[in-house]
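Line order of the protein sequences matches chains W and P. To convert, note that position 182 of the first sequence is 182 in the numbering used here; the numbers rise steadily by one, no gaps. To convert, note that position 146 of the second sequence is 472 in the numbering used here; the numbers rise steadily by one, no gaps. Every residue gets a Cβ at the ideal spot worked out from N, C-alpha and C, and that includes glycine. These numbers were taken from a predicted model, which means no experiment stands behind them. Data first, discussion second: the structure below is written as structure tokens.
2 protein chains.
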Amino acid sequence: MQTDTPTVPTFADVAAAADRISSRLVRTPVMSSPALDKRADRRVVFKCENLQHGGAFKYRGALNAILPLALAGNVAAVATHSSGNHGTAVALAAKVCGLDAYVVVPRDSSRPKIANIEQAGAELIFCEPGLAAREAKLADVIARTGAHLVHPFDDARVIAGQGTAALELLTEEPGLDVVCTPVGGGGLIGGTALAAKAMAPQCRVIAAEPQGADDAYRSFRDGKRQSTTSPATIADGLRGSIGVLNFALLRSHVDDVVTVTEKEIVNAMRIVLQDLKLLIEPSSAVAVAALLAGKLGSSGQRVGIIISGGNFDLDQCPFLRGERVT
Amino acid sequence: MQTDTPTVPTFADVAAAADRISSRLVRTPVMSSPALDKRADRRVVFKCENLQHGGAFKYRGALNAILPLALAGNVAAVATHSSGNHGTAVALAAKVCGLDAYVVVPRDSSRPKIANIEQAGAELIFCEPGLAAREAKLADVIARTGAHLVHPFDDARVIAGQGTAALELLTEEPGLDVVCTPVGGGGLIGGTALAAKAMAPQCRVIAAEPQGADDAYRSFRDGKRQSTTSPATIADGLRGSIGVLNFALLRSHVDDVVTVTEKEIVNAMRIVLQDLKLLIEPSSAVAVAALLAGKLGSSGQRVGIIISGGNFDLDQCPFLRGERVT
């Protein structure tokens with residue numbers, strides 16, 4: 001499916017995105033915990049995008065893509081497919097910009113995520129599960145409505161927008177030895193790598209991925225973009241495969257891709273809740289799991305992790321029983 | 327047990343405390359959630375003291391009491407009794423100030439809280455449960471060590487220090503119609519009321535208390551200080567009774583005391599986790615429960631809540647199973 005701007009973005013695009021959207025974002029806090037530092041045997045800071053509008057970093061990329069469309073004035077609506085945070089972000093950004101939003105949603109998406117997208121103001125169009133069905137339905141919607149596509153990750157403006165989280169983090173913490181984000185489609189790690197290599201050349205950029213959806217890991221090692229066909233991971237934001245622009249950035253700007261197990265992901269979620277008092281979604285916990293497995297830098301170093309989101313159905317968590325006292 | 331400064335503090339003491347300690351505090355974020363605003367049918371902001379050093383507002387009062395002692399140079403150690411956040415706060419503040427700390431801890435305190443106090447650097451002295459046993463053991467410790475008492479709440483410097491959280495909140499949100507904190511010993515509500523009545527005279531100040539430990543509620547209504555003899559609440563920080571100075575402030579500066587049930591407390595914890603992505607302790611959830619029960623202001627008003635702390639054993643939570651995946 002074609003992207004809006006099919007060229008690989010640069011740091012200048014990230015800086016321009018920050019100028020464009022910062023005043024409309026939550027300046028999310030950078031947090032740390034002495035208890036977690038002790039566990040990890042290094043100094044760790046967390047950029048808390050779970051506290052961003054829509055509960056995820058996705059709002060940055062969506063807004064950076066949609067705001068210029070609205071200002072140009074020749075687009076009345078935007079459309080995307082999503083089972084989660086990107087759909088909510090597109091809906092929120094469209095509303096802020098005065099545009100309509102259509103979001104194609106697989107029927108098997110979780111109810112809370114569907115509710116989030118709807119509450120954010122989008123018109124929902126349901127489709128069968130699977131990428132082919134999603135893209136076919138989205139093409140129908142675009143043909144019918146004239147809406148403009150906002151791709152979840154394989155788009156220069158989206159990638160540049162996601163990079164603004166790292167830009168903020170590195171402005172506050174310029175001396176990081178390592179920065180890490182999870183990798184799914186690759187928008188967040190791509191934008192983060194652009195920011196880091198420009199702002200902190202000494203800083204290693206590491207992508208973290210679930211073993212059960214390790215297409216970026218395999219792609220990085222083989223030098224050839226691969227896909228995940230049967231993702232098996234609780235990290236629902238990372239089940240898709242890495243995009244074309246994103247893979248180009250992975251090769252040129254990222255130092256390593258590491259993987260973690262499902263057990264490590266769930267344990268990391270619990271540890272962040274205990275030590276940082278923050279609920280993070282499993283996709284975010286993938287980066288924390290890499291930290292706790294000793295895969296991010298070495299003892300005594302300074303590590304930055306971008307917490308990608310906090311949208312999670314408490315009832316689905318292995319350690320959250322979901323019992324309601326009524 | 328005698329207090330350090332037995333006079334009722336004023337707003338000038340809160341302002342002086344802010345000057346003294348602010349540079350050593352976490353400037354905790356003020357957070358909000360559109361989903362929670364919708365539930366509550368009003369605009370609600372949360373001052374997140376669960377993200378303060380030691381995971382609770384208690385560090386403010388402890389530091390404001392201990393820093394002048396250290397600067398005066400005639401005290402080598404401080405002492406207190408605590409089963410929780412105050413003990414950790416005293417230990418941390420003493421360490422920062424270069425003093426030793428002795429904390430008398432009831433044997434039946436929760437293991438994680440005991441571990442917190444110890445990790446913060448205090449020497450622990452165990453005693454039998456109950457206020458009489460605590461005070462007797464603390465008197466022994468003070469006699470033996472020459473340590474200076476830092477009372478958990480019935481002390482003007484401690485109350486003034488706690489008031490700095492509301493001072494920060496009202497600086498950022500001057501137009502609040504209501505501000506609410508939980509009430510146990512009364513240090514937080516006392517300091518908050520001093521700040522609110524000086525900085526935002528239009529703002530109603532409301533204390534929230536568990537029905538199962540409602541001594542402040544009864545004291546406020548009867549005009550005579552009463553105590554809780556058999557507290558029955560999950561809100562472990564609110565099981566004690568209101569102090570002398572604190573009751574004086576409750577009568578002179580607080581507009582109302584409201585109570586909530588145990589079910590309301592647990593539901594409020596869960597809702598904050600879902601909507602704000604924040605883990606708060608049951609004592610903090612008491613104020614949120616009052617909000618959700620419609621007891622803080624009216625539809626459309628602006629409400630500020632001070633989240634007092636986030637120290638809680640996940641295994642003890644009715645909706646956190648505590649299952650570890652190893």
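Cβ-Cβ distances below 7 Å link C529 (chain P) to L502, D503, V504, V505 and A522 in the same chain, with the five nearest sequence neighbours on each side left out; the list follows chain order. Residue range N85 to C97 is occupied by the alpha helix (DSSP H) that includes H86 (chain W). In the DSSP secondary-structure assignment, A79 (chain W) is bridged to W:Y102 and W:L149. For R270 (chain W), the closest Cβ of chain P is nearer than 8 Å. A buried status is given to D154 (chain W), since no fewer than 16 other beta-carbon atoms sit within 10 Å of its beta-carbon.
Ranked by Cα distance from G410 (chain P), the first of P:A388, P:G636 and P:I440 is P:I440.
When the five nearest sequence neighbours on each side are left out, the beta carbons in the same chain lying within less than 7 Å of the beta carbon of R20 (chain W) are those of N64 and L67, in order along the chain.
Residue pairing by DSSP places P34 (chain W) opposite no residue, since no beta bridge is assigned to it. Annotated as distal: A248 (chain W) and M269 (chain W), with beta-carbon spacing of 8 Å or more. Going by DSSP, D215 (chain W) is part of the alpha helix (DSSP H) stretching over D215 to D222.
Contact annotation for P29 (chain W) against chain P: P355 [CB-CB distance below 7 Å, chain order]. Using a CB distance below 9 Å, the part of the stretch 375-391 of chain P facing chain W consists of N376, L377, H379 and G381, ordered along the chain. Boundaries of the alpha helix (DSSP H) harbouring A341 (chain P): F337 to I347, taken from the DSSP string.
DSSP places F247 (chain W) inside the alpha helix (DSSP H), whose first and last residues are V244 to H253. Contact check for I306 (chain W) and I265 (chain W): beta-carbon distance about 16 Å, past the 8 Å limit, so the pair fails to qualify. Taking 8 Å as the cut-off, the Cβ atoms of L273 (chain W) and V44 (chain W) do not count as close. The DSSP-derived three-state label of I606 (chain P) is coil.
For V505 (chain P), no alpha helix (DSSP H) run applies; the uninterrupted beta strand (DSSP E) run containing it begins and ends at V504 to P508, by DSSP. For R565 (chain P), no alpha helix (DSSP H) segment is defined, and its DSSP state is neither H nor E. Taking CB atoms only, G447 (chain P) has no neighbour in chain W less than 8 Å away. Residue environment analysis places N442 (chain P) among the buried positions, since at least 16 neighbouring C-beta atoms fall within 10 angstroms of its C-beta. In the DSSP assignment, A534 (chain P) falls within the beta strand (DSSP E) that extends over R530 to P536.
Three or more Cβ pairs closer than 8 Å define a contact, and the stretch 484-501 of chain P meets that threshold against the stretch 618-637 of chain P. Between the stretch 75-92 of chain W and the stretch 199-213 of chain W there are fewer than three inter-stretch CB-CB distances shorter than 8 Å, so the stretches are not counted as touching. Secondary structure of A382 (chain P) (DSSP, three-state): strand.
Taking 8 Å as the threshold, the shortest C-beta distance from Q274 (chain W) to chain P falls below it. In chain order, L273, Q274, L276, K277, L278 and L279 make up the part of chain W whose C-beta sits under 9 Å from the C-beta of L605 (chain P). Apart from sequence neighbours up to five positions away, the residues of its chain that approach R134 (chain W) with a beta-carbon distance below 7 Å are H81, V104, P106 and C127, ordered along the chain.
In this structure, the CA atom of A396 (chain P) is about 40 Å from the CA atom of A200 (chain W). The beta-carbon separation of A417 (chain P) and L464 (chain P), rounded to 15 Å, does not stay under the 8 Å limit for a contact.
Of the residues W:A156, W:E262 and W:S109, the one whose Cα lies closest to the Cα of L124 (chain W) is W:S109.
For H253 (chain W) and S348 (chain P), the gap between their C-alpha atoms comes out near 40 Å.
The C-beta distance from E607 (chain P) to G563 (chain P) rounds to 7 Å, short enough to fall under 8 Å. Restricting attention to W:G294, W:N311, W:L278 and W:L314, the CA atom closest to the CA of K38 (chain W) is found in W:G294. Between G310 (chain W) and chain P, the shortest Cβ-Cβ separation is below 8 Å.
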